[in-house]
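The sequence shown runs 1 to 129 under the working numbering. Below is one structure, written out as structure tokens; the observations come after it.
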Amino acid sequence: MTTATPFVYAHLATVLPAFVIGTYLMVARKGSKKHRLLGKIYMLLMLATAIIALFINAEVGPKLLGHFGFIHLFSVLVLYSVPSAYFAAKRHDRRTHASNMIGLYFGGLLIAGGFTLMPGRLIHTWLFT
1 MTTATPFVYA HLATVLPAFV IGTYLMVARK GSKKHRLLGK IYMLLMLATA
51 IIALFINAEV GPKLLGHFGF IHLFSVLVLY SVPSAYFAAK RHDRRTHASN
101 MIGLYFGGLL IAGGFTLMPG RLIHTWLFT
């Protein structure tokens, strides 16, 4: 089981507000000044979350280089999706921006977050034991 290192707490401190903001952005009106501001905050939080996650040791499943696990692939997804979505928005390419942001939300937050509920993971231990 992963221990609660400072990286774990920093990861939670960035992912929890990202989840709240991301959920709001998924349902709110698009294109407003508020959307653009919250979108930038969301993207920065997601980038920070992904970078911090790279410093958290994988404890479930096979490991690469003794540290990285399957869950770290979501960091790669985020590190690709955020700049791609940002530059698509700058080009006014709504379709690419939307598809990247939807993928980021579902892959980077919901699916990756779902994996944290698996037995052997710290969040599972905190919530269910």
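Ideal Cβ placement from N, Cα and C applies to all residues, glycine included.
Asked, Found
"Pair within 9 Å by beta-carbon distance, residue 71 and residue 115", "yes"
"Bridge-paired residues (DSSP) for residue 64", "68"
"Stretch-stretch touch, CB-based, cutoff 8 Å, three pairs: the stretch 105-124 with the stretch 19-26", "yes"
"Run of the alpha helix (DSSP H) containing residue 35, from where it starts to where it stops", "33-53"
"C-alpha distance - residue 130 paired with residue 13, whole-angstrom precision", "In the structure displayed, the chain extends from 1 to 129; residue 130 sits before or after that span and is not available."
"Residue from 87, 9, 59 and 30 with nearest C-alpha to residue 52", "9"
"Short Cβ contact (9 Å threshold) for residue 19 with residue 113", "yes"
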